[in-house]
Amino acid sequence: MEITTSQYKRCDLIKITGRIDSSTAPQLAQKFNAINEEGRFKFVCDMSEVEYISSSGLWVLINAQKTSKRYNRGEVVLACVPTKIKSALDLAGFVPFFKFFDDIVSAVGNF
Amino acid sequence: MDTVIVPGRFENLEKISKFVKDVSWSAGFDEMGIYAIQTAVDEACSNIIDHAYGGESSEVIELNCINTKNALKIILRDHGKPFIPESIPIPVKHTRLKDIKEGGLGLYFMHQLMDEVYFEFSPGIGNTLTMIKHKPG
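So the sequences go chain by chain: A and B. Be aware that the first sequence starts at 28, since it is given in the numbering used here, and climbs by one per residue. Be aware that the second sequence starts at 981, since it is given in the numbering used here, and climbs by one per residue.
Have a look at this one:
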């Protein structure tokens, strides 16, 4: 898995490439935490290059959403989510907890 | 029968997943079917490492895949701690984000994505998980 981040005026873009599994999910959690520690809680996750997500990856997204939404200080939104990844979110019952966008510009524009 | 044996370390999940993808593709499953089998096996292996071995281990996970006319049969063996599958609660689908409690999704995914899931725990021999996915049509 590779993670690249871009800081925008109103949010941070996190692009994730590859597999989010028990091996790599902790790296993603660390990335969210590092940005949170700088006081930023608004995220767009570019999921277009995510090949696989396990339950451990889904928990990272849910925990990031919980942290972001606490005190209404932010939100995690998901962009360009492949069908397979959306189906995993759906199976977990997590779809209602995220906004989904078909492109990055619209997702960034949400903030 | 196709077999792969790896130490119970998270870094080996990708190798297992590629192996399962190849076997599932050869067995004739479509993209979503392959992804379902990959997910079930990945969750099962993660649970073996996390719970049976209590963390990453040099103890092995043995994965056997048997392609039959109507189904793909996956057999996973480990030598870790047994558990009582019925004791794992089915995750509740909450409507409020703050009510969600972490845990239990892996086993739930395995049951949802595969047609048959059986556990056997034999003292001195080890734990065996058998998962079967029927072929479409």
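We put the beta carbon where it would ideally sit given N, CA and C, even for glycine. Keep in mind that this is a model prediction, so the values were computed, not measured.
query	result
Considering only residues of the region 55 to 122 of chain A, which uninterrupted beta strand (DSSP E) runs meet the minimum length of 3 residues and lie entirely inside it, listed in chain order?	69 to 80, 102 to 106
Less than 8 Å between CB atoms is the rule here; does B/S1006 satisfy it with respect to chain A?	no
Assign B/I1070 to one of two classes, buried (16 or more other C-beta atoms within 10 Å of its C-beta) or exposed (fewer than that).	exposed
Counting only Cβ pairs nearer than 9 Å, list the residues of chain A close to B/M1012.	T110, K111, S114
Is the CB of A/L85 under 8 Å away from at least one CB in chain B?	yes
Can you confirm whether A/R145, when its beta carbon is compared against all beta carbons of chain B, has any partner nearer than 8 Å?	Residue 145 of chain A is absent from the model: chain A starts at 28 and stops at 138.
With 16 as the cutoff for other CB atoms within 10 Å, does A/T110 come out buried or exposed?	exposed
Does any residue of chain A bring its CB to less than 8 Å from the CB of B/D1022?	yes
Verify the contact flag: B/G1083, CB atom, against every heavy atom of the ligand GDP, threshold strictly below 7 Å.	Looking at this structure, you won't find the ligand GDP or any other ligand, since it has none at all.
Pull up the distance between the alpha-carbon of A/V122 and that of A/K113, whole angstroms please.	8 Å
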